[in-house]
Amino acid sequence: MPKKGSPLYEALKSTMDGIKPLFDDALPFEPHITITSDIEARSTGQVEYVLDRALAASKAVPAIDVVFSSLTYGSTFTKKVYFKVEPRAPLMSLARISREEFVTAPRMMASQKNYSALSQEDKDRLTQQASQQADDWVKNEYKPHLSLAYSNTYPIDEALQRTIETRLGDVFGPDFNTRGLGWTNGRLALVLCEGPVDEWQTLGYRDL
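Take 9 as the starting number for the sequence shown in this note's numbering and just add one per residue.
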């Protein structure tokens with residue numbers, strides 16, 4: 009996510025707050041893109057571990073550029089009005105590493121009755137499978153985006169689209185859809201996404 013207090017964060021948050029009243033069921037949330045979902049981290053130690061490891065992974069590349077490519081309207085609740093994000097190599101690499109280390113590898117280990125008793129050969133085989141699952145997820149499922157509104161409203165009629173695009177133009181200029189809006193590095197946050205959107209909890213963060 010862009011760092012809180014940065015000009016882009018404030019502009020996006022202002023825009024999102026302005027769009028929210030256009031949808032009867034919209035709820036407030038922070039501007040962000042998802043790196044991966046399905047992370048299990050309940051204890052303070054687990055949260056700190058995930059954040060520290062994600063920060064280390066991000067430092068393996070010169071910079072994480074998040075660049076918007078186009079404004080899009082969708083049918084799902086969390087992808088109602090959103091900017092697609094260019095799948096640039098550093099971002100996709102961070103997503104793949106995070107998926108493997110925090111999701112597919114732990115699941116592989118948990119699927120074994122006694123992982124510590126496995127031979128090194130069997131452990132290596134599971135590691136390879138976890139890596140392949142993460143590769144497949146990034147290639148086939150991961151679609152980075154920044155949502156501007158969550159809603160069950162569908163379809164988004166042309167009048168509503170014009171209103172949204174006018175508000176975006178007022179904040180970012182008429183060329184907002186082609187000027188390559190976005191940020192570099194920013195902040196990594198671990199969020200517990202349980203219950204209604206307005207009850208999601210930020211468990212911790214690291215600034216890049």
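Idealized CB from N, CA, C, for every residue including glycine.
As the structure is a computational prediction, the values presented were derived from the model and not from experiment.
Express the C-alpha separation of Ile-41 and Thr-112 in angstroms, rounding to a whole number. 20 Å
From Asp-165, Ser-101, Lys-121, Arg-170, residue whose alpha carbon lies closest to that of Lys-147: Ser-101
From Tyr-213 to Lys-11, what does the alpha carbon distance come to, in whole angstroms? Cα-Cα distance, rounded: 10 Å.
Identify the continuous alpha helix (DSSP H) that holds Arg-175 and give its terminal residues. 166 to 180
Spatial distance of Val-58 from Ala-71 (CA atoms): 19 Å
Just to confirm, are Glu-109 and Ala-65 a CB contact at a threshold of 9 Å? The criterion of a C-beta distance shorter than 9 Å is satisfied by Glu-109 and Ala-65.
Given Gly-188, which residues of its chain have a CB within under 6 Å of its CB, disregarding the five upstream and five downstream residues? Taken in chain order, the residues that qualify are Val-75.
Entirely enclosed beta strand (DSSP E) segments - the segment 52 to 114, minimum 3 residues: 73 to 84, 87 to 93
Through-space distance from Trp-208 to Leu-198, alpha-carbon basis: 10 Å
Three-state secondary structure (DSSP) at Thr-192? strand
Are the Cβ atoms of Thr-80 and Lys-92 separated by less than 9 Å? yes
Inter-residue spacing [alpha-carbon to alpha-carbon] between Gly-194 and Leu-154: 14 Å
Cβ atoms of Ser-51 and Pro-163: under 9 Å apart, would you say? The answer is no: Cβ separation not under 9 Å.
Span of the alpha helix (DSSP H) holding Gly-26? 15 to 27
Quick check on Gln-140: does DSSP put it in helix, strand or coil? helix
Run through the DSSP bridge pairs and tell me what His-153 is partnered with. In DSSP, His-153 forms a bridge with Lys-92.
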